[in-house]
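Positions 74 to 394 (my numbering) are the ones given, in order, by the sequence shown. These notes are about the structure you will find just below.
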Amino acid sequence: MSKTIVFLDASTVDFGDIDFTSIASLGTFITYPVTKPHETISRSKDADIIITNKVVFYADEIAQLHKCSLIAVAATGYNTIDIKAAKNKNIAVANVPGYSREAVAQLTLCFILALANNLIKYNAATHDGSWSRSPIFTMGNWPTMCINDKVLGIMGYGDIGKRVGQLAQAFGMKVIALKRENSYTDTSVERYPLEEFCTMADFISIHMPLNESTHHMVNKDFLAMMKPSAYIINMARGPIVDTKALAQALHNNVIAGAALDVLEQEPPDINEPILSAPNCIITPHIGWASRETRQALINEIAENIKAFLNGTKRNIVNETV
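Structure (structure tokens):
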């Protein structure tokens, strides 16, 4: 019997350029561009398999699923799913690790280079006529730096973090990682405890999952430990950074600058303080979103579903919860 596969927020991955054939071939495929909270259950109740990017399934929603056997997350992070509640309901949860590695690493290096070269300010100065009014052939209003020999501190030295480290090393940067309580077998990078890590790094880049231990990990105290000349980059999940504390730190010159591809609320309120903070580059969660990456995501979701239908476990994240 054909399985019913429902994608609740397909517009989050399809900007009119994605081929869904790999998923559609596996059953009766239904897509919704966006699903609002009050629509979640009515659209999910007849689904054997649910695909979601940002539509949440916490305990209350999962309790109302009586047919679903698999929630396929259209992302690497699965903080929008209560995986314990899903396991208790005998619903498997699968994610897609690693699909956005190259795209996220690429934007991370873009941010490092943009911050190091004060690119945003100099671009604006060119377009607003400031360069045209310069008495000399160039401008030196804002400092720039060479990043070779600078220290990049990586928080979350997994698949993406390692790739960022490789690219940074190609520019001559020294790469270190944050040492946490976990035991590590990877000895390819030097790891340091939090305070030492913060005081060493010229750039800090975040690539760790959001959970109870990482929520607001970057807070007022964390920022105070950083060098005044240092920059912080968040490529992971918005709530890892207390953005109100970050905005205050930027206004008070506690650190030199920041670049964020994620925020605590997405999209943000127009009056969100971080939007007016100085020397802060913000992009609308685009690090993962190249066409190649989004198509790879869809194809990997299809492979997860295919494996599940064949009785094979592939990228199941709640098997041992």
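All C-beta atoms in this analysis are idealised placements derived from N, C-alpha and C, irrespective of residue type, glycine included. Model, not experiment: these values are computed from the prediction.
Can the beta-carbon of residue i be found less than 8 Å from the beta-carbon of residue j?
i, j, result
"residue 122", "residue 78", "yes"
"residue 146", "residue 113", "no"
"residue 346", "residue 327", "no"
"residue 159", "residue 352", "no"
"residue 96", "residue 102", "yes"
"residue 181", "residue 308", "yes"
"residue 371", "residue 93", "yes"
"residue 389", "residue 166", "yes"
"residue 162", "residue 188", "no"
"residue 18", "residue 361", "The requested residue 18 is not part of the displayed model; the chain covers only 74 to 394."
"residue 230", "residue 250", "yes"
"residue 376", "residue 387", "yes"
"residue 404", "residue 82", "This structure gives no information on residue 404, because the portion of the chain shown stretches from 74 to 394."
"residue 280", "residue 228", "yes"
"residue 118", "residue 140", "yes"
"residue 283", "residue 253", "no"
Apply the 10 Å Cβ neighbour rule to residue i and answer buried if 16 or more other Cβ atoms are within range, or exposed otherwise.
i, result
"residue 172", "buried"
"residue 330", "buried"
"residue 216", "exposed"
"residue 275", "buried"
"residue 131", "exposed"
"residue 134", "buried"
"residue 107", "exposed"
"residue 333", "buried"
"residue 339", "exposed"
"residue 164", "buried"
"residue 278", "buried"
"residue 111", "exposed"
"residue 245", "exposed"
"residue 320", "buried"
"residue 373", "buried"
"residue 335", "buried"
"residue 202", "exposed"
"residue 205", "exposed"
"residue 226", "buried"
"residue 186", "exposed"
"residue 272", "exposed"
According to DSSP, is residue i helix, strand or coil?
i, result
"residue 141", "coil"
"residue 304", "strand"
"residue 228", "strand"
"residue 93", "coil"
"residue 316", "helix"
"residue 309", "coil"
"residue 356", "coil"
"residue 348", "helix"
"residue 244", "coil"
"residue 220", "coil"
"residue 251", "strand"
"residue 88", "coil"
"residue 80", "strand"
"residue 343", "coil"
"residue 385", "coil"
"residue 260", "coil"
"residue 324", "helix"
"residue 208", "coil"
"residue 235", "helix"
"residue 74", "coil"
"residue 282", "coil"
"residue 290", "coil"
Just reading off the beta strand (DSSP E) that residue i is part of, what are its end residues?
i, result
"residue 333", "330-333"
"residue 279", "276-279"
"residue 55", "This structure leaves residue 55 out entirely; the chain is present only between 74 and 394."
"residue 185", "Unbroken run through residue 185 is the alpha helix (DSSP H), 174-189; no beta strand (DSSP E)."
"residue 103", "101-104"
"residue 166", "165-167"
Counting along the chain, where does the alpha helix (DSSP H) carrying residue i start and finish?
i, result
"residue 367", "364-382"
"residue 293", "293-298"
"residue 148", "Note, residue 148: premise wrong, no alpha helix (DSSP H); not H, not E."
"residue 263", "Not the alpha helix (DSSP H): residue 263 falls in the beta strand (DSSP E), residues 263-265."
"residue 113", "113-117"
"residue 199", "192-200"
"residue 135", "132-136"
"residue 160", "156-161"
At least three beta-carbon pairs within less than 8 Å, the stretch 225-235 to the stretch 199-213: no
Cβ contact (3+ pairs, closer than 8 Å) linking the stretch 306-320 and the stretch 276-295: yes
At least 3 beta-carbon pairs within less than 8 Å: the stretch 262-270 vs the stretch 189-196: no
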